[in-house]
Amino acid sequence: MKFRGRDRRDVKRKVLTYWASHSRSLGLSLQEFLANCRMGPNEQTIIFIQPQS
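Each residue of the sequence shown is one higher than the last, beginning at 1 in our numbering.
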């Protein structure tokens with residue numbers, strides 16, 4: 001899943017908002033969720049890779 005924002009701060013806000021809304025269905029704590037997120041080189045994109053069960 002890819003999140004895009006205007007800048008580093010905006011994209012981080014979108015990631016946290018997504019996690020807050022979907023934390024139950026994801027089954028991940030915030031720490032686990034963020035451990036599977038990678039910031040893109042332009043700092044306007046964060047990619048979340050769903051962990052394999």
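Heads up, the beta-carbon is just placed ideally off N, CA and C, and yes, glycines get one too.
Please read these numbers as outputs of a predicted model, since none were measured by experiment.
With a CB to CB cut of under 7 angstroms and the five nearest residues on each side skipped, what residues in its chain are close to residue i?
{"i": "Val11", "result": "Phe3, Arg4, Gly5, Gln44, Thr45, Ile46"}
{"i": "Leu30", "result": "Trp19"}
Terminal residues of the continuous alpha helix (DSSP H) containing residue i?
{"i": "Arg58", "result": "Lying outside 1 to 53, the shown extent of the chain, residue 58 is not represented and no answer is given."}
{"i": "Glu32", "result": "30-35"}
Rounding to the nearest angstrom, what Cα-Cα distance links residue i and residue j in this structure?
{"i": "Met1", "j": "Ile49", "result": "7 angstroms"}
{"i": "Arg8", "j": "Arg24", "result": "26 angstroms"}
{"i": "Leu34", "j": "Ser21", "result": "15 angstroms"}
{"i": "Gln52", "j": "Gly27", "result": "12 angstroms"}
The beta strand (DSSP E) spanning residue i covers which residue range?
{"i": "Ile46", "result": "45-48"}
Once the 5 residues before and after residue i are set aside, which same chain residues still bring their CB inside 6 angstroms of it?
{"i": "Arg38", "result": "Ile47"}
Give the secondary structure of residue i by DSSP, where H, G and I count as helix, E and B as strand, and everything else as coil.
{"i": "Met39", "result": "strand"}
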